[in-house]
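Numbering (our numbering), first residue to last: 1 to 191. We put the beta carbon where it would ideally sit given N, CA and C, even for glycine. See structure below.
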């Protein structure tokens, strides 16, 4: 008993029309080879693994993009906080600050508590963090780019799988078997 799930035929198409047709110049073969390479690279063994990897990559990309946004927003705040901390340590030596200076010092003390700054050496570590933030942001963006490429490959694999199999192979087998049983039952009832 043979059940045909879907008739899948590949029509020869050249990748490069200037060259003679050969299997190395066939776009369908190249496309399917890329899908097999993706399956091998990621070690997929089931349809569910493919879909779960796509979801995992999407979540990771979203999380990293949020992290980039928060770190990018932190840069101007950190610059402002460092300047207020510098003011705090320079104004401490002032004997009698006026009311405005006292308000600025109170705000600077809150910032010092926020970062746990006790000395000018702590300010230097914040300045180092400020200098390193753009590099850290850049490395996260590079990771996002790599994951987007991986997601693109997995998405191509999903679309190829669905185009070839038309959804879930097992569901199609079950559906075909049920249709045959219904046909048998109707033939038996007619007899």
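- Taken through DSSP and simplified to helix, strand or coil, residue 117 comes out as coil.
- Between the beta-carbon of residue 117 and that of residue 85 there is about 6 Å, and that keeps the pair under the 8 Å contact cut.
- Leaving aside the five residues that flank residue 88 on each side, the residues in its chain whose CB is nearer than 7 Å to its CB run, in chain order, 105, 108, 109, 112.
- Around the Cβ of residue 53, a 10 Å sphere holds 16 or more other Cβ atoms; the residue is buried.
- By the criterion of a C-beta distance shorter than 6 Å, residue 75 is surrounded in its chain by 133, once the five residues flanking it on both sides are discounted.
- Minimum Cα-Cα distance from residue 160 among the listed residues 17, 38, 18 corresponds to 38.
- In this structure, 135 is the residue among 30, 135, 90, 29 with its C-alpha nearest to the C-alpha of residue 71.
- Separation of residue 183 and residue 162 (C-alpha to C-alpha, rounded to the nearest whole angstrom) is 27 Å.
- Note on residue 123: 16 or more other CB atoms within 10 angstroms of its CB, so buried under the neighbour-count rule.
- No Cβ-Cβ contact shorter than 8 Å links residue 151 with residue 35.
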